[in-house]
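Chemist:
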Amino acid sequence: MDFRDTPEDAAFRREVRDFLDAEQFQGFGRASGPAAAANEDRLRGGVDRYGVYRDWMKKLARKGWIAPAWPKEYGGAGMTVMQQFVFNEEMARARAPRPGGIGVGFAGPTIITYGTEEQKKEHLSLIVSGDAVWCQGFSEPGSGSDLASLQTRAVRDGDDYVINGQKIWTSGAQFAQRMILLARTDPDAPKHKGISYFLLDMKSPGVTVRPLVNMANSAAFNEVFFEDVRVPKKDLLGEENRGWYVAATTLDFERSSIGAAIAQQTQVEDLILFVREGAGDGVTVHPTVKLELAERSIEAETARLLSYRVITLQTKGMVPNHEASAAKLYSSELSQRVAATGMRLVGLYGLLGQDRKAEAESAAYRYAPRRGRLMRAYVNAVSSTIAGGTSEIQRNIIATRGLGLPRD
Ligand SMILES: Cc1cc2nc3c(=O)[nH]c(=O)nc-3n(C[C@H](O)[C@H](O)[C@H](O)COP(=O)(O)OP(=O)(O)OC[C@H]3O[C@@H](n4cnc5c(N)ncnc54)[C@H](O)[C@@H]3O)c2cc1C
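Per the working numbering, the sequence shown starts with residue 26, numbered consecutively.
1. Determine the direct distance from the alpha carbon of V232 to that of E248, and round the result to whole angstroms.
2. Looking only at its own chain, which residues have a Cβ that is under 7 Å from the Cβ of A288, when we skip the five neighbours before and after it?
3. Since R362 contacts E324 with CB under 8 Å, what's their CB separation in whole angstroms?
4. Which word fits N346, buried or exposed, when buried means at least 16 other C-beta atoms lie within 10 angstroms of its C-beta?
5. Can T195 be considered in contact with ligand 1, in the sense that its beta carbon sits closer than 6 Å to one or more heavy atoms?
6. When the Cα of P215 is compared with those of V180, Q199, A173, which residue comes out closest?
7. What is the residue span of the beta strand (DSSP E) that G162 lies within?
8. Leaving out five residues before and five after S409 in sequence, what residues of the same chain have Cβ atoms less than 7 Å from its Cβ?
9. Given D34, which residues of its chain have a CB within under 7 Å of its CB, disregarding the five upstream and five downstream residues?
10. Compute the Euclidean distance between the alpha carbons of F131 and F200, then round it to the nearest angstrom.
11. Does the distance from the CB of L225 to the CB of L206 come in under 7 Å?
12. Under the three-state reduction of DSSP, which class applies to V371: helix, strand or coil?
13. Mind pulling the alpha helix (DSSP H) runs of 4 or more residues that sit fully within the stretch 102-141?
14. Kindly identify the DSSP beta-bridge partner or partners of Q191.
15. I believe E143 touches K259 by the beta-carbon criterion, under 8 Å. Please report the beta-carbon distance rounded to the nearest angstrom.
16. Could you please give me the residues that DSSP links to A208 through a beta bridge?
17. What three-state label does DSSP hand E417 in the structure shown?
18. Tell me whether F28 is buried or exposed, calling it buried when 16 or more other Cβ atoms sit within 10 Å of its Cβ.
What follows is the structure in structure tokens.
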């Protein structure tokens, strides 16, 4: 197979690269080298990190690059899936913050697939302009892998549905303006056939968000409670009781996310650079770690090729299914191996500097290799094989839908 860019894709790659050069985003977030030092100075100078991110998103929005592959009428740039991939690759190479999140990644594409013209008009431009952040209200305390067993109820009352129940692990709910929400509208139907899919306004009375702190000491996800929350019928996506099939599309988009594989490649490249540059004060790199790095580098290339398979299907207008599961499974498990290699590389020094804010001023932080990033990557990678469906569930999908093996 020929993986070289077509002349059009190569021209687009050049355009993205030139833009990143002009914006001085090449090397942003790098572990070492002049760009890293400049970046670190900016952060130490008390730069408003969220402000920098917001301004950057506005610049991308002006180019139509928040959701490049969306149709132009909905605020995208009407690019091909391959150009979207080129864009992701160049952004990852430059370590530039990429637009993404649930709105761009899978709520928006699901609305494009199933929404009415009114729903598309109402929601898509707000996602693209960055004015609406979305969260995903699927998992419940008793329903994660077996999502179709969810118990949150939606009862029709005039022109509204009334929602009662609870969601959990809802990433970013504390910042979100909207939620893609699954609720049971027919408790007597078989479990997959009584679910509906809503586009909930998070400001609706009766919605309570309670943050949960994870082991990396950040409140990345939440519990969300619904008490007699009224959702207008216009916010039902797709048909009543057919929400499971809409949700399946969302999950396919979620698992198709191709950013992860590219991010791993940059992480491996950063580790290699780190070793080449001497690995920091007092750290001796054991020879076996070099062999591990060689292994990780081959695996990162494999992850990239698995994403190419996903993209090839998308280019043909298909929604990847078990292929997306294979890419998600491989790259999430790889992210843990890469993080573990990083920690082995620096030994006990890796334990320094986990909490950037608390330790930034301490003596220990000075000796923290890569300013504590290795530890943060290690702790954050733990959840990658759970979020978006666990590795066991991905293997089940590959076995049954991909290999045609029986369910039991
Ligand atoms: C960082 C993070 C962010 C998340 N963000 C969101 C979000 O924004 N929105 C949202 O809705 N959810 C979110 N989740 C929830 C996530 O989708 C669920 O945690 C996941 O689907 C697993 O469900 P569970 O936690 O209930 O575990 P369970 O389903 O209870 O699974 C427990 C264990 O049993 C195994 N298991 C279960 N069923 C099977 C089976 N049939 N075959 C083999 N093994 C099985 C699982 O693999 C797992 O190891 C997030 C999770 C994490 C970790």
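Virtual Cβ for every residue (Gly too), placed ideally from N, Cα, C. Note that the structure is a prediction, hence the values are computed from the model and not measured.
Modeler: Working from what's here:
1. 11 Å
2. A117
3. 7 Å
4. buried
5. yes
6. A173
7. 159-162
8. S357, S360, Q361
9. M107, Q108, V111
10. 17 Å
11. yes
12. helix
13. 106-118, 133-139
14. F250
15. 7 Å
16. S221
17. helix
18. exposed
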